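Chemist: Got a structure here, written out as structure tokens. Questions coming.
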Amino acid sequence: MRDAIKQSFRNNLWKENQVTRQILGICSILAVTNLMANTLVMGLGLMFVISCSSLTISLLRNYIPHRVRMIVQTFIIASYVIVVDIFIQANYPELSRALGPYVGLIITNCIIMGRAEAFAQKNTPFISLLDGLFAGLGYTIVLMVIAFVRELLGFGTLFGRNVNFIGLETWTIMVMPPAAFFIIGVMIWAAASMTMTRDKKAQSAPPALRPSEVKQASATSATAQ
Amino acid sequence: MDGGPAISPIILLFAAIFTSNMVLANFLGMCSFISVSSEYKTASGLGKAVSLVMIVTTVINWLVYRFIVVPLGLDYLRYIIFIVVIAATVQIIEMAMDRYLPDLYMKLGIFLPLITVNCSILGISLFMIIRDYSLVQSLFFGLGSGLGWWLAISALAAIREKIAKNKLPLGLEGPAITFIITGIIALAFIGFSGIFIIQ
Numbered sequence: 372m373r374d375a376i377k378q379s380f381r382n383n384l385w386k387e388n389q390v391t392r393q394i395l396g397i398c399s400i401l402a403v404t405n406l407m408a409n410t411l412v413m414g415l416g417l418m419f420v421i422s423c424s425s426l427t428i429s430l431l432r433n434y435i436p437h438r439v440r441m442i443v444q445t446f447i448i449a450s451y452v453i454v455v456d457i458f459i460q461a462n463y464p465e466l467s468r469a470l471g472p473y474v475g476l477i478i479t480n481c482i483i484m485g486r487a488e489a490f491a492q493k494n495t496p497f498i499s500l501l502d503g504l505f506a507g508l509g510y511t512i513v514l515m516v517i518a519f520v521r522e523l524l525g526f527g528t529l530f531g532r533n534v535n536f537i538g539l540e541t542w543t544i545m546v547m548p549p550a551a552f553f554i555i556g557v558m559i560w561a562a563a564s565m566t567m568t569r570d571k572k573a574q575s576a577p578p579a580l581r582p583s584e585v586k587q588a589s590a591t592s593a594t595a596q
Numbered sequence: 029m030d031g032g033p034a035i036s037p038i039i040l041l042f043a044a045i046f047t048s049n050m051v052l053a054n055f056l057g058m059c060s061f062i063s064v065s066s067e068y069k070t071a072s073g074l075g076k077a078v079s080l081v082m083i084v085t086t087v088i089n090w091l092v093y094r095f096i097v098v099p100l101g102l103d104y105l106r107y108i109i110f111i112v113v114i115a116a117t118v119q120i121i122e123m124a125m126d127r128y129l130p131d132l133y134m135k136l137g138i139f140l141p142l143i144t145v146n147c148s149i150l151g152i153s154l155f156m157i158i159r160d161y162s163l164v165q166s167l168f169f170g171l172g173s174g175l176g177w178w179l180a181i182s183a184l185a186a187i188r189e190k191i192a193k194n195k196l197p198l199g200l201e202g203p204a205i206t207f208i209i210t211g212i213i214a215l216a217f218i219g220f221s222g223i224f225i226i227q
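Set out below in structure tokens:
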């Protein structure tokens with residue numbers, strides 16, 4: 372059990388990170404990554420939705436008919452998104468206006484459906500909940516990094532506080548959409564090349580390293596099944 | 029919203045294609061945009077299918093919202109209602125095409141199920157509600173967004189086909205370079221900004 376949790380944590384945060392590895396769920400949140408505060412709210416919202424829907428789908432996994440599972444999953448996800456939307460509207464009306472339709476678009480975030488399909492419908496509730504939470508966390512971290520770069524260079528602020536003490540010129544481009552594409556492209560590149568370099572090293576390394584890798588590989592395939 | 033009805037539908041059409049393009053300015057529909065853009069023909073087919081579904085669902089969602097959701101006070105349920113409308117519309121278009129336009133169905137049919145989960149479809153319905161567009165405005169907004177999406181994915185796929193055989197640094201090939209190309213296309217589209225302003 373503990374191994375499974377550890378495995379899920381590591382996979383979701385780095386090895387199979389939804390954004391940098393699987394290129395999933397970019398749509399709904401990238402638009403708000405020019406401010407860290409908005410990104411954090413959206414990230415937390417997504418984490419809530421993904422953990423709750425993973426838990427619910429896992430609890431109901433033996434009762435949902437296989438053929439209509441997609442639409443049932445969509446309903447479950449949409450219900451939790453409505454909860455998040457109403458919560459933000461009620462407590463932070465200004466933020467709700469700033470986020471516009473993007474809260475609602477969490478429904479079509481492929482990560483949630485992806486975790487439901489790939490994990491929650493085959494695993495027990497507790498581990499599904501954690502898996503959803505970690506997937507959301509891995510996603511939020513990546514987006515926070517993007518938002519950090521964009522807000523720092525674009526506005527000279529972090530979480531709305533001015534950190535541009537020496538009065539450097541801000542980069543207008545960072546506020547605009549192309550910057551998000553460039554940053555995410557570079558992040559994916561960095562992640563991919565790090566893995567590839569390590570794989571190459573592992574291949575040419577002496578056999579002393581091998582057993583641990585074999586163990587890891589079998590653990591991965593075990594959880595995958 | 030402020031000045032919503034004042035925008036002429038034609039301006040809305042061009043603005044949706046160029047200045048506030050669904051993918052390049054609003055980041056909607058990214059998943060299929062990245063994954064189905066390695067071949068020009070396929071990408072263009074998906075673009076056409078998306079445009080078609082966008083126009084139809086925008087109009088249907090507008091009618092459903094105005095005449096069913098608002099009078100019944102079901103505003104908080106609009107996400108679920110829109111999703112159901114979109115899924116049903118896609119299903120009906122698929123069946124109708126299979127029956128009446130088999131040629132087109134052979135070309136676009138495989139993309140239709142993919143479209144249900146394309147965020148841009150739900151996105152334009154939500155934009156339309158938030159910005160309070162009229163039916164005609166929504167129709168042109170849907171059309172423009174569809175054409176804009178088609179234009180963007182065709183451009184990306186054409187560029188990706190050209191660079192497919194080029195040697196790239198380790199790890200840059202695939203999604204990473206695709207994002208960077210998208211960024212450059214988005215940068216080019218910024219050149220249009222200021223011509224039309226919506227929002």
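So the protein lines, in turn, are chains A and B.
Quick note on numbering: the first sequence equals residues 372 to 596 in the working numbering.
Quick note on numbering: the second sequence equals residues 29 to 227 in the working numbering.
Even glycine gets a Cβ: it sits at the ideal position worked out from N, Cα and C.
Computed from a predicted structure; not experimentally measured.
Is it true that the CB of G527 (chain A) sits closer than 8 Å to the CB of V516 (chain A)?
Modeler: No, Cβ-Cβ distance for V516 (chain A) and G527 (chain A) is not below 8 Å.
Chemist: Is S153 (chain B) near F110 (chain B), with beta carbons less than 8 Å apart?
Modeler: Yes, they are a contact pair.
Chemist: Any residues in the stretch 54-67 of chain B with a beta carbon nearer than 8 Å to a beta carbon of chain A? Which ones, in chain order?
Modeler: Hits within the stretch, in order: N54, F55, L56, G57, M58, C59, I62 and S63.
Chemist: Assign N194 (chain B) to buried or exposed, taking buried as 16 or more other Cβ atoms, counted over all protein chains shown, within 10 Å of its Cβ.
Modeler: Answer is exposed; the Cβ neighbour count stays below 16.
Chemist: Quick check on P549 (chain A): buried or exposed, where buried means 16 or more other Cβ atoms within 10 Å of its Cβ?
Modeler: Answer is buried; the Cβ neighbour count reaches 16.
Chemist: With 16 other CB atoms within 10 Å as the buried threshold, where does M603 (chain A) fall?
Modeler: Lying before the first or after the last residue shown, residue 603 (chain A) is absent from chain A, which here runs from 372 to 596.
Chemist: Take P472 (chain A) as the anchor and find which of A:M484, A:V403, A:R432 and A:F552 has the nearest alpha-carbon.
Modeler: The shortest Cα separation from P472 (chain A) among A:M484, A:V403, A:R432 and A:F552 belongs to A:V403.
Chemist: Tell me F529 (chain A)'s beta-bridge partners as DSSP assigns them.
Modeler: The sequence given here has Leu at residue 529 (chain A), not Phe. In DSSP, L529 (chain A) forms a bridge with A:R532.
Chemist: Taking CB distances under 8 Å as the criterion, tell me whether V452 (chain A) reaches chain B.
Modeler: V452 (chain A) counts as touching chain B.
Chemist: Taking only three categories from DSSP, how would you classify R381 (chain A)?
Modeler: Looking at R381 (chain A) - three-state DSSP - the assignment turns out to be helix.
Chemist: Where does the unbroken alpha helix (DSSP H) through M125 (chain B) begin, and where does it stop?
Modeler: Per DSSP, M125 (chain B) belongs to the alpha helix (DSSP H) from R106 to Y128.
Chemist: For the putative contact between A551 (chain A) and L401 (chain A), defined by C-beta atoms under 8 Å, what is the C-beta separation to the nearest angstrom?
Modeler: Correct: roughly 5 Å between the Cβ atoms.
Chemist: Start and end of the alpha helix (DSSP H) containing S72 (chain B)?
Modeler: Y68 to V92 is the extent of the alpha helix (DSSP H) around S72 (chain B).
Chemist: Assuming contact is defined by CB atoms lying nearer than 8 Å, are Y93 (chain B) and I453 (chain A) in contact in what I supplied?
Modeler: Not a contact, by the Cβ cut-off of 8 Å.
Chemist: When you compare the CB of L573 (chain A) with every CB in chain B, is at least one pair closer than 8 Å?
Modeler: The sequence given here has Ala at residue 573 (chain A), not Leu. A573 (chain A) does not count as touching chain B.
Chemist: Hey, is I394 (chain A)'s beta-carbon within less than 8 Å of any beta-carbon in chain B?
Modeler: Judged by the 8 Å Cβ criterion, I394 (chain A) is in contact with chain B.
Chemist: Any C-beta of chain B within less than 8 Å: which residues of the stretch 443-471 of chain A qualify?
Modeler: The residues in question are T445, F446, A449, S450, V452, I453, D456, I457 and G471.
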